[in-house]
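Residue numbering for the sequence shown follows the numbering used here, starting at 1316 and increasing by one per position.
One structure is given here, and the rest of the page talks about it.
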Amino acid sequence: MSGPALDFAHLHTAVADLAHVGAIDGGGCARLALTDEDKAGRDLVVSWMRAQGLTVHVDAIGNVFAMRPGREEGPPVMTGSHIDTVRTGGRFDGNLGVLAGLEVCRALDAAGITTRRPLCVAFFTNEEGARFQPDMMGSLVHAGGLTLQEAWAATDGEGKRVGDELKRIGYRGSMTPGTIRPHAYVELHIEQGPVLEEAGITIGAVTGVQGISWTEVTVSGTSAHAGTTPMRLRHDAGYVAGLCSTFARRLTQDMGGAQVATVGANELRPNLINVIANRARFTLDLRNTDEALLKEAERRAFAFIDDAARAEGCTVERRTLARFEPVEFAPDMIDRVEHLARAHGRSVMRLPSGAGHDAQMMARLCPTGMIFVPSVKGLSHNVAEFTHPGDIEAGAAILLDLMLELAQS
Ligand code: GLV
Ligand code: MN
Ligand code: MN
């Protein structure tokens, strides 16, 4: 019996093969949660799991768990991530973590190693939250933070329900969510930001995930003729949305530090050149590593939105789409990632995650950690998302050793 070695060529090929499903121009992927493309991606990955001899379980929110038995029964060491993407996604976000987990199992098979604890490779439903909110939906349900009924009732922009779409694509499974409680959870992911690349560092030992606040804002005004309506008589919902968008940037400049703010979706009605908009619907994404500061950002943004609408004679409705407090990972897991990176001769730094991850939900259940590898130019949620093969290999090798360490102890 020799030590396990990852087949990196196989891992890179798997990433490329999965990226063919829902492929879009520029090398990216569009596999929005519970669409036909998501189903095709799921079917492919499940076929790989079965071909590897793993036992596949699907729960009622469509999370998929592939089990590799250990010498002992009991809670598995779990890894994984998601394979859904935003509509303009890259090929690495989420996918890398799932496929690297499968590669770890292949390496152990090839080396003839049965670990003491079982292993589990999971992919969770609707991590992205681009079609249905909240994001991290599958892992949140798994962790008990959202009921199955609430998750099933979530609708997309066309009114389609998660529960119906799960059934339609054949992934409303029979397992009760939360059944598989891990001994520990570890997730390999691309950083999706510029920090590691700018610092010239290969491995991120992730300290936690910043708080996330998602709000949908609907401003209602009055449609009128763009040429005849004096400026003083307008109730222009589009104008209010524009002001709020500008304010979001100004807020981050005022607050400084880690505060970020994005108006990523903005829809006017009737959306015509010569008609004042009677409705503007936009989203506000606020994030901060500090909960008190995130609350302050929310307070200031919401007050601005309400005041801007009132001044224009418009009404406003706000709806919370997602709200997660900042999460800190287990110190022992952060230490392990850092030590292993050093043992592998890799440069390493500690950093918080700017993006949301399934790991932040799993942290409610068990000691959780994440390994980041650099994103070229910090790009993600963009078809140009790229991570150098050598960096992927460095991260996957640390994932293998970390899973072994956790599964043998
Ligand atoms: C989800 O992945 C997010 O961070 O927006
Ligand atoms: Mn992701
Ligand atoms: Mn993403």
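All residues carry an ideal CB built from backbone N, CA and C; glycine is no exception.
Please read all numbers here as calculations on a predicted model, not as lab measurements.
Could you check which residue in the options has the C-alpha nearest to that of residue i?
{"i": "residue 1408", "options": "1649, 1715 and 1687", "result": "1687"}
{"i": "residue 1710", "options": "1662, 1483, 1630 and 1637", "result": "1662"}
{"i": "residue 1446", "options": "1403, 1503 and 1673", "result": "1403"}
{"i": "residue 1461", "options": "1552, 1405 and 1639", "result": "1639"}
{"i": "residue 1327", "options": "1703, 1365 and 1370", "result": "1703"}
{"i": "residue 1637", "options": "1395, 1444 and 1694", "result": "1444"}
{"i": "residue 1510", "options": "1667, 1619, 1363 and 1496", "result": "1667"}
{"i": "residue 1496", "options": "1437, 1641 and 1479", "result": "1437"}
{"i": "residue 1441", "options": "1520, 1671, 1701 and 1544", "result": "1671"}
{"i": "residue 1501", "options": "1368, 1346, 1648 and 1621", "result": "1648"}
{"i": "residue 1400", "options": "1448, 1390, 1424 and 1345", "result": "1345"}
{"i": "residue 1352", "options": "1335, 1366 and 1324", "result": "1335"}
{"i": "residue 1471", "options": "1621, 1347 and 1499", "result": "1347"}
{"i": "residue 1600", "options": "1616, 1594, 1593 and 1586", "result": "1616"}
{"i": "residue 1588", "options": "1542, 1569 and 1619", "result": "1542"}
{"i": "residue 1643", "options": "1395, 1692, 1635 and 1669", "result": "1669"}
{"i": "residue 1435", "options": "1368, 1482 and 1456", "result": "1368"}
{"i": "residue 1609", "options": "1374, 1573 and 1459", "result": "1573"}
{"i": "residue 1578", "options": "1343, 1620, 1321 and 1425", "result": "1620"}
{"i": "residue 1652", "options": "1713, 1458, 1622 and 1611", "result": "1713"}
{"i": "residue 1540", "options": "1591, 1329, 1684 and 1420", "result": "1591"}
{"i": "residue 1692", "options": "1584, 1418, 1508 and 1405", "result": "1508"}
{"i": "residue 1685", "options": "1720, 1719, 1645 and 1467", "result": "1645"}
{"i": "residue 1374", "options": "1362, 1457 and 1366", "result": "1457"}
With DSSP as the reference, identify every bridge partner of residue i, one or two as the case may be.
{"i": "residue 1784", "result": "No statement about residue 1784 is possible, as the shown extent of the chain runs from 1316 to 1724 and does not include it."}
{"i": "residue 1500", "result": "1393 and 1683"}
{"i": "residue 1569", "result": "Looking at the DSSP assignment, residue 1569 forms no beta bridge with any residue, so it has no partner."}
{"i": "residue 1382", "result": "1370 and 1435"}
{"i": "residue 1643", "result": "1523"}
{"i": "residue 1376", "result": "None, per the DSSP bridge assignment."}
{"i": "residue 1535", "result": "1594 and 1630"}
{"i": "residue 1540", "result": "1590"}
{"i": "residue 1404", "result": "1344"}
{"i": "residue 1649", "result": "Per DSSP, none; premise fails for residue 1649."}
{"i": "residue 1338", "result": "1344"}
Let's see if you can read the secondary structure: which residues bound the alpha helix (DSSP H) around residue i?
{"i": "residue 1715", "result": "1704–1723"}
{"i": "residue 1323", "result": "1323–1334"}
{"i": "residue 1490", "result": "Element bounds for residue 1490: n/a, residue is neither H nor E."}
{"i": "residue 1576", "result": "Per DSSP, residue 1576 belongs to no alpha helix (DSSP H); it is in the beta strand (DSSP E), 1575–1577."}
{"i": "residue 1511", "result": "1510–1514"}
{"i": "residue 1675", "result": "1673–1677"}
The beta strand (DSSP E) with residue i in it runs from where to where?
{"i": "residue 1361", "result": "Per DSSP, residue 1361 belongs to no beta strand (DSSP E); it is in the alpha helix (DSSP H), 1351–1366."}
{"i": "residue 1665", "result": "1663–1668"}
Do three or more CB pairs link the stretch 1471–1485 to the stretch 1411–1419 at distances below 8 Å?
-> Too few Cβ pairs lie closer than 8 Å, so no.
Quick one: any contact between the stretch 1521–1532 and the stretch 1597–1605, if contact means 3 or more CB pairs under 8 Å?
-> At 8 Å Cβ cutoff, the stretches touch.
Answer yes if the stretch 1442–1458 comes into contact with the stretch 1505–1521, meaning at least three C-beta pairs across the two stretches below 8 Å, and no otherwise.
-> No: fewer than three Cβ pairs fall under 8 Å.
Report the residue ranges of all beta strand (DSSP E) runs contained in full by the stretch 1581–1632; include only those spanning at least 3 residues, in chain order.
-> Segments of the beta strand (DSSP E) lying fully in the stretch 1581–1632: 1581–1584 and 1594–1603.
Any beta strand (DSSP E) of 3 or more consecutive residues that is wholly inside the stretch 1419–1486 = 1434–1438, all fully within the stretch 1419–1486.
Is it a yes or a no for the stretch 1430–1450 touching the stretch 1385–1394, going by three-plus beta-carbon pairs under 8 Å?
-> Under the 8 Å Cβ criterion, the stretch 1430–1450 counts as touching the stretch 1385–1394, having at least three qualifying pairs.
Determine, using beta-carbon pairs with one atom in the stretch 1661–1681 and one in the stretch 1531–1543, whether at least three such pairs fall under 8 Å.
-> Because the criterion of three Cβ pairs below 8 Å is not met, the stretch 1661–1681 and the stretch 1531–1543 do not touch.
Can at least three beta-carbon pairs, one atom from the stretch 1483–1500 and one from the stretch 1366–1380, be found at a separation below 8 Å?
-> Segment contact: the stretch 1483–1500 against the stretch 1366–1380, three or more CB-CB distances shorter than 8 Å; contact assigned.
Count the CB pairs spanning the stretch 1618–1630 and the stretch 1649–1663 that are closer than 8 Å, and state whether there are at least three.
-> Flag = no, the stretch 1618–1630 and the stretch 1649–1663 do not touch.
Does the stretch 1662–1674 come close enough to the stretch 1556–1571 to have 3 or more Cβ pairs within less than 8 Å?
-> The stretch 1662–1674 makes no contact with the stretch 1556–1571; the number of CB pairs closer than 8 Å stays below 3.
Do the stretch 1612–1627 and the stretch 1545–1556 make contact, defined as three or more Cβ pairs closer than 8 Å?
-> Judged by Cβ distances under 8 Å, the stretch 1612–1627 makes contact with the stretch 1545–1556, as three or more pairs qualify.
Do the stretch 1543–1551 and the stretch 1691–1708 meet, that is, are 3 or more Cβ pairs less than 8 Å apart?
-> Output reads no: the stretch 1691–1708 does not touch the stretch 1543–1551.
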